[in-house]
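In this text, residue positions in the sequence shown follow the UniProt record's numbering: the first is 1, and each later residue adds one. Below is one structure, written out as structure tokens; the observations come after it.
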Amino acid sequence: MLKNKYFSKTFVGLHMCNSCRRSIYEKRSESKYKVFLSNRKTQNKIVGEECDSADPEQDEKGDPTFQYGEPSKKLSHKENQMCSKLLGEKNCTVDNDLETLYIRDIKAALSQQSNRSGKIQILTTIPQHWTIAKMRKEFEVSRRMASKAKKLRKESGHGSRPNKKAGRKLSNTTVSAVKLFYLSDDNSRVMPGMKDYISIVKDGKRSQKQKRLLLFNLIDLHKQFNEKFPEMPICLAKFRQLRPQECILAGKSGTHNVCVCKIHQNMKLKIRGLMQELKIKGANFTDTYQDLIKNSVCENPSSNCFFSICEECPKTECVIKKLKIILEENYVKEVKFSQWANTDRCEISQKTESRDEFLCNLANDLPILMRHNFLAVSQASYFSQIKNNVKEGEFVISMDFAENYTFHVQNAIQAHHWSNTQATLHPKIKQNNLCSSNNLNAENIHFVEYSALAGLALTISETFN
């Protein structure tokens with residue numbers, strides 16, 4: 001009686017050589033167990049027959065006729081026939097079952113993978129002796145994919161993934177233009193707090209840079225960049241990637257955008273309400289306040305166009321007529337929007353106006369926005385020009401306020417808590433030529449900073465005294 005320690009079954013009358021027995025024991029898969037069951041009748045027929053081999057231990061001591069995994073030549077013809085049926089000449093029964101399971105798993109993995117690179121990675125797990133024709137037949141893949149998988153398996157090994165193709169590299173000019181665009185005062189502003197900085201490691205050296213809060217979302221900034229630099233096309237993903245670390249988005253505590261312009265914000269809120277109403281009706285309206293201004297002036301506008309002096313401009317009436325046609329076609333009778341209003345204090349409120357009333361108010365607000373926007377853009381452009389063309393011995397100081405100061409009264413009554421009386425400092429800035437040296441280096445930069453602050457303090461004291 002021979003009891004298999006890997007299976008719960010006991011096989012009676014099975015006598016074979018050590019080589020066959022060892023081969024059976026080392027095949028511990030479930031498919032091997034099925035082979036035993038399928039040959040149960042064959043095993044029972046030879047009950048009582050003994051192996052003609054000499055001592056079983058002799059095989060392990062180096063019998064020249066011993067061949068691992070094959071029936072011994074010393075066995076009788078009948079026993080050899082039984083062992084060959086059970087094991088196969090090269091264990092082909094077990095191997096075929098395992099190969100069938102393997103092919104089924106590979107096919108399932110390929111069907112779930114939609115990416116070409118992922119399919120090639122799966123095909124690199126196929127044994128090296130498989131031909132391209134066999135791979136194409138079994139897995140229904142193209143010749144190019146099978147060839148690439150075999151080549152990748154040979155070069156990089158089992159389970160390798162093909163490298164991504166190198167795309168079109170951006171020029172250094174475009175990269176610099178994108179970073180300067182982010183750092184422009186038109187698109188971001190420096191945060192005033194002393195703790196509003198970020199540590200950046202560059203070339204092994206750590207430096208602190210003041211945070212800059214972006215005034216637009218990245219989609220709008222990308223659109224503005226492509227309009228300003230049409231000769232430098234760049235995709236949105238790469239534009240996001242080139243954003244400097246100190247340029248942050250609004251979201252965390254203390255990074256919300258405040259002190260925005262009331263005129264600009266009210267116009268944005270009106271257009272946003274108009275978009276929402278048209279979106280409900282199924283229409284797509286994507287114009288911004290810049291588009292409304294652009295459609296109200298000449299193609300090459302001058303200052304007279306923005307002050308409504310030019311007689312050749314399309315005027316705001318043309319823009320209002322187009323908007324009226326769009327609203328009538330989509331059966332929009334009223335528009336809901338938000339507005340900042342001044343009562344005893346400034347607060348945002350919800351408004352609902354009829355179609356004609358909304359367009360009438362929009363026609364009155366648009367010329368005011370055009371003048372205000374022109375002045376704001378001109379001032380920002382002039383300030384940027386001054387910073388980029390500072391002469392020797394001159395410096396430009398840009399100041400902001402981190403917070404105001406609230407008065408606290410000793411022994412105040414409870415109702416005084418709601419009286420937020422604050423003091424705001426408005427310093428005067430005086431520009432002087434402080435450094436007579438032609439080269440402003442690191443040695444005298446501290447002197448320049450100290451002199452600038454000392455001159456500023458002197459100017460304030462002279463003004464208020």
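All C-beta atoms in this analysis are idealised placements derived from N, C-alpha and C, irrespective of residue type, glycine included.
{"query": "Inter-stretch contact (C-beta, 8 Å, three-pair minimum) for the region 275 to 283 and the region 200 to 216", "result": "no"}
{"query": "Residue from Met232, Phe216, His264 with nearest C-alpha to Ala250", "result": "Phe216"}
{"query": "Contact the region 350 to 367 vs the region 308 to 323: 3+ CB pairs below 8 Å", "result": "yes"}
{"query": "Buried or exposed (CB count within 10 angstroms, at least 16 for buried), Leu359", "result": "buried"}
{"query": "Alpha-carbon spacing of Gln350 relative to Gln112, whole angstroms", "result": "50 Å"}
{"query": "Length of the line joining the Cα atoms of Ser176 and Glu334", "result": "47 Å"}
{"query": "Buried or exposed (CB count within 10 angstroms, at least 16 for buried), Asn172", "result": "exposed"}
{"query": "Nearest candidate by alpha-carbon position, reference residue 466, set Lys223, Glu299, Lys238", "result": "Residue 466 lies beyond the residue range present for the chain, which begins at 1 and ends at 465; the question has no answer from this structure."}
{"query": "Asp119 versus Cys235 - alpha carbon distance", "result": "At residue 119 the sequence reads Lys, which differs from the Asp that was named. Going by the C-alpha atoms only, they are around 28 Å apart."}
{"query": "Cα-Cα separation between residue 467 and Leu123, rounded to whole angstroms", "result": "The structure shown does not extend to residue 467, since the chain is modelled only from 1 through 465, so no value can be given for it."}
{"query": "Length at least 3, wholly inside the region 345 to 391: the beta strand (DSSP E) runs in chain order", "result": "346 to 354"}
{"query": "Endpoints, alpha helix (DSSP H) assigned at Glu329", "result": "315 to 329"}
{"query": "Extent of the continuous alpha helix (DSSP H) run through Ala149", "result": "143 to 156"}
{"query": "Rounded straight-line distance, which links the Cα of Ile397 to that of Lys205", "result": "27 Å"}
{"query": "Euclidean distance between Cα positions of Gln379 and Thr352", "result": "35 Å"}
{"query": "Lys336 - DSSP class collapsed to helix/strand/coil", "result": "strand"}
{"query": "Contact belief for Gly157 with Thr125 at Cβ below 8 Å, rounded distance in angstroms", "result": "No, Gly157 and Thr125 are not in contact; Cβ-Cβ is about 10 Å, not under 8 Å."}
{"query": "Assigned secondary structure, Ile309 (DSSP; H/G/I helix, E/B strand, else coil)", "result": "coil"}
{"query": "Outcome for Arg272 when other beta-carbon atoms lying within 10 angstroms are tallied against a minimum of 16", "result": "exposed"}
{"query": "Boundaries (first-last residue) of the beta strand (DSSP E) holding Ser188", "result": "188 to 190"}
{"query": "Alpha helix (DSSP H) segment containing Leu214, residue limits", "result": "Element bounds for Leu214: not the alpha helix (DSSP H) but the beta strand (DSSP E), 212 to 214."}
{"query": "Per DSSP, the bridge partner or partners of Lys205", "result": "Lys202"}
{"query": "Pairwise C-alpha distance: Gln422 and Ala415", "result": "16 Å"}
{"query": "Nonlocal neighbours in the same chain, by C-beta distance under 7 Å from Pro314, ignoring five residues either side", "result": "Asn295, Ser296"}
{"query": "Pro192 to Ser338 span [Cα, whole Å]", "result": "29 Å"}
{"query": "Beta-ladder partner(s) of Ile248, from DSSP", "result": "Leu213"}
{"query": "Contacting residues, own chain, Cβ-Cβ under 7 Å from Pro244 (five flanking each side not counted)", "result": "Lys179, Tyr182, Leu183"}
{"query": "Three-way DSSP call (helix, strand, coil) for Thr124 in this model", "result": "coil"}
{"query": "Beta-carbon spacing of Glu317, Cys298 below 9 Å", "result": "no"}
{"query": "Local Cβ density within 10 Å of Asn300, reported as buried at 16 or more and exposed below that", "result": "exposed"}
{"query": "Proximal residues to Phe285 (C-beta, below 6 Å), its chain only, five neighbours per side dropped", "result": "Met275, Leu278"}
{"query": "Contact under 9 Å by Cβ, Ile248 with Asn373", "result": "no"}
{"query": "Alpha-carbon spacing of Cys346 relative to Lys164, whole angstroms", "result": "55 Å"}
{"query": "Option in Ser354, Ile348, Asn342 with minimal Cα separation from Tyr331", "result": "Ser354"}
{"query": "DSSP state of Gln422 mapped onto helix, strand, coil", "result": "strand"}
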